[in-house]
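Participant: Here the sequence shown stands for residues 193 to 477, where the numbers follow the working numbering. Here a beta-carbon is modelled for each residue, glycine too, at the ideal position from N, C-alpha and C. All values reported here derive from a predicted model rather than from experimental measurement.
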Amino acid sequence: MTLLWGITILWAFSFSLIGAYLSGQVDDYIAVTSRMLLALIIFLPFWRPIAWRKALVMMATGAIEIGLTYLFLYHSYHYLSVPELLLFTIFTPIYVSLFADLFARRWPKQLWAPAILAVAGAAMIRWTDLSENYWKGFALIQAANACFAFGQVWYRHQSQHNPLPHRTRFAWFFMGATLITGSAMLALADWHKLPVTPLQQGVLLWLGVVTSGLGYLGWSYGSTKVNAQQLAVMNNMLIPAGILVNVVFWQGQIHDWPRLTLGCVCMLLALWLCRQPTTTTAPEN
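1) For the putative contact between A231 and G394, defined by C-beta atoms under 8 Å, what is the C-beta separation to the nearest angstrom?
2) From A369 to C458, what distance separates their C-alpha atoms?
3) Using CA atoms only, rank isn't needed, just tell me which of L378, Y347, L397 is closest to P387.
4) Quick check on M193: buried or exposed, where buried means 16 or more other Cβ atoms within 10 Å of its Cβ?
5) Can you tell me whether W383 is buried or exposed? The criterion is at least 16 other CB atoms within 10 Å of its CB, across all chains shown.
6) So, does the stretch 197-207 touch the stretch 335-344, judging by three or more C-beta pairs under 8 Å?
7) Quick check on the burial criterion: 16 or more other C-beta atoms within 10 angstroms. Buried or exposed for C200?
8) So is Q422 buried or exposed if we call it buried at 16+ other beta carbons inside 10 Å?
9) With 8 Å set as the bound, which would you pick, yes or no: does the beta-carbon of S412 sit closer than that to a beta-carbon of chain D?
10) Between which two residues does the alpha helix (DSSP H) carrying W327 extend?
11) Rounded to a whole number of angstroms, what is the C-alpha to C-alpha distance between L356 and P237?
12) With a threshold of 6 Å on Cβ separation, who are the neighbours of L196 within its own chain once the five nearest residues in sequence on each side are excluded?
13) Going by alpha carbons, who is nearest to G259 out of I234, Y287, F362, T225?
14) Looking at the secondary structure, which residues open and close the alpha helix (DSSP H) in which R240 lies?
Right, here's the structure in full:
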């Protein structure tokens with residue numbers, strides 16, 4: 193859990209960095225592919241050839257968890273306001289619980305109570321009025337949520353039988369993510385919006401190496417050390433963390449402290465409900 197909390201805080205800074213220095217200035221597809229390529233570069237020294245089936249599985253995991261997630265996410269900006277987009281991301285814990293139960297071939301004993309409570313808490317924090325034509329954007333965000341949740345649970349499931357070190361797996365993981373985002377970039381990018389300033393390049397370097405590379409490695413490794421319900425709830429902890437980081441470091445404003453506080457209490461209660469320890473057979477790094 194400590195590792196997941198650390199990555200949550202790390203990712204919370206990313207939202208403000210993207211909003212302040214990249215959004216609307218650097219093409220989304222170029223930015224995402226740059227992040228994936230930089231992350232791939234730091235893992236290439238740990239790459240080694242493996243059985244082609246395992247290689248395809250790891251590449252597919254990266255392509256789904258990061259590649260497809262980002263493609264659906266960025267396309268949704270055409271149909272949603274930012275508050276609507278943030279609101280619709282809160283359902284990820286439900287998808288994590290669903291896929292965890294499907295992989296385990298079990299009926300949920302607790303009816304996903306922690307995940308549902310985490311969604312309720314996040315909804316209290318992020319609720320906003322909706323536009324009239326939001327359904328297409330809602331569908332795209334749910335596709336992104338589902339891809340991200342599936343990738344997390346699939347990686348966690350693979351770790352029960354995969355002897356490869358995590359750093360080696362992530363070389364293949366980011367190959368898959370780079371392949372799919374790079375293909376989208378070649379087809380859809382606006383090449384007039386390149387990261388031309390040193391600040392934009394520095395932000396992308398940080399997002400690629402630290403936030404994407406080390407961040408996803410830490411999150412995926414941490415996911416193998418907690419139970420599925422804890423992983424589900426932690427997916428929404430980024431929401432209050434991102435708000436607090438924005439207030440502390442970027443002078444953002446909180447207009448409804450009671451609602452934020454109540455939402456955080458619900459999410460912490462959700463973590464308490466799924467506090468039972470878990471054991472895994474995942475290999476050490």
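Facilitator: Well, looking at it:
1) 16 Å between Cβ atoms; not a contact.
2) 34 Å
3) The shortest Cα separation from P387 among L378, Y347, L397 belongs to L397.
4) Counting other Cβ atoms within 10 Å of its Cβ, M193 stays below 16 and is therefore classed as exposed.
5) Classification for W383: exposed.
6) no
7) Looking at the sequence itself, residue 200 is Thr, so the reference to Cys does not match. Its Cβ being crowded by 16 or more others within 10 Å, T200 is buried.
8) Q422 should be labelled buried.
9) Structure shown: chain D not included; a single protein chain is present.
10) 327-350
11) For the pair L356 and P237, the Cα-to-Cα distance works out to about 15 Å.
12) G414, M426
13) T225
14) DSSP places R240 in no alpha helix (DSSP H); its state is neither H nor E.
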